[in-house]
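Residue numbers (the numbering used here): 13 to 346.
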């Protein structure tokens, strides 16, 4: 239709009431609204272009068309950084809500077979924390299936490779909609078959008499929970602390393997309290030192303007509630 080539389009709503008149809505081009919403939310034409698969010049052009339509500047372009004018801030709030409604409407009529969420998390978190709780999600939302992809590499959210990522980091990644689920701590644990049952609070000298299990962390993690970091903190409490990192007889890149080795009694390991909570509760593992290391945050993230916002929000609310329930149970047990 030729009307689609104009700078605005019209939507005619016919009322069933015999006395009602036709309602005409004059709207700017959807492309301009999308470009403006992305640029206003990210406060960057370059980031908006990357999100929408356009060039910064194209974003700027669409925004200028919108400014011409409304007759007001929407951005303060100088001095940098980019900021919204009062008119731009008002429009951004309403356009964002409108795009969310469009997405919700589309989701409501989508084929039920497509009602699946692709969720990625680290291998250890997916296997030891998320998978045991899948029945709870199925009971809550039997209409939404989950495709869970365990991976220690960062999968592409913006490109649509996955819908939701449970990232493990100190801070939330930029350019994504993020919510922190919770944080963990790293405890020194071992099988009772190796160290006996508690209460135990080994000194560094005690630990040096046992085989130790260490992890392998990439440079992306600051102060990773390895034996050399535990020794650094231990030296603030004790004198003459041996170099326990040199005592590690086993080392694993994958958390799952280190945990299984500790359960099997192959050595003393430093493990996330979140990942070994079932073993600590059952007694398959015992804590052997009161000195713990600070972990990182579990962060639920998805791309802005994802067409299934409501489903993603429901999933993120569910996973956060599961985390709170687990922490409450652990607190009562302690």
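Just so you know, even glycine gets a beta-carbon here, dropped at the ideal spot from N, CA and C.
- For residue 226, the enclosing beta strand (DSSP E) begins and ends at 224-227.
- Remark: C-beta atoms of residue 237 and residue 282 approach each other more closely than 8 Å.
- In the structure shown, residue 280 adopts extended strand secondary structure according to DSSP, grouped into three states.
- In this structure, residue 63 and residue 107 do not form a Cβ contact; the two beta carbons are roughly 15 Å apart against a cut-off of 8 Å.
- By the 16-neighbour rule on beta-carbons within 10 angstroms, residue 328 is buried.
- Residue 130 is a Cβ neighbour of residue 161, given a cutoff of 8 Å.
- Note that the C-beta distance between residue 311 and residue 136 is not below 8 Å.
- Judged by their CB atoms, residue 216 and residue 256 are nearer to each other than the 8 Å cut-off.
- In the three-state reduction of the DSSP assignment, residue 251 falls in the coil class, being assigned neither a helical nor a strand state.
- Relative to residue 98, the option among 109, 92, 80, 84 whose CA is nearest is 84.
- If only uninterrupted beta strand (DSSP E) runs of at least 3 residues are considered, those enclosed by the stretch 85-151 are 128-133.
- For residue 51 and residue 90, the gap between their C-alpha atoms comes out near 15 Å.
- Around residue 226, the same chain offers 238, 239, 260, 263 as residues with beta carbons nearer than 6 Å, after the five sequence neighbours per side are excluded.
- Residue 47 is positioned such that its CB atom lies no closer than 8 Å to that of residue 88.
- For residue 275, there is no enclosing beta strand (DSSP E); the residue is found in the alpha helix (DSSP H) stretching over 267-275.
- Distance check between residue 58 and each of 94, 82, 86 places 94 closest, using alpha-carbon atoms only.
- Of the other Cβ atoms in all chains shown, fewer than 16 fall within 10 Å of the Cβ of residue 168; this residue is therefore exposed.
- Counted as a single uninterrupted DSSP element, the stretch harbouring residue 159 is not any alpha helix (DSSP H) but the beta strand (DSSP E) occupying residues 157-162.
- A contact between stretches requires three or more CB pairs, one per stretch, nearer than 8 Å, and the stretch 190-207 fails this requirement with the stretch 146-156.
- Closest option to residue 53, judged by alpha-carbon separation, among 331, 316, 332: 316.
- With a beta-carbon spacing of about 19 Å, residue 324 and residue 141 fall beyond the 8 Å limit used to define contacts.
- Residue 150 sits exposed, since fewer than 16 C-beta atoms from the chains shown fall within 10 Å of its C-beta.
- Excluding sequence positions up to five before and after residue 307, its CB lies within less than 7 Å of the CB of 195, 196, 197, 198, 237, 284, all in the same chain and listed in chain order.
- 249 is the residue among 274, 189, 249, 265 whose C-alpha sits nearest the C-alpha of residue 304.
- One thing to note: residue 179 has its Cβ within 8 Å of the Cβ of residue 313.
- Leaving aside the five residues that flank residue 147 on each side, none in its chain has a CB nearer than 6 Å to its CB.
- Sorting 111, 42, 272, 173 by C-alpha distance to the C-alpha of residue 78 places 42 at the top.
- In the displayed model, residue 307 falls within a strand according to three-state DSSP.
- Excluding its 5 nearest sequence neighbours in each direction, residue 224 has C-beta neighbours in its own chain below 7 Å: 239, 256, 259, 260, 261, 279, 280, listed in chain order.
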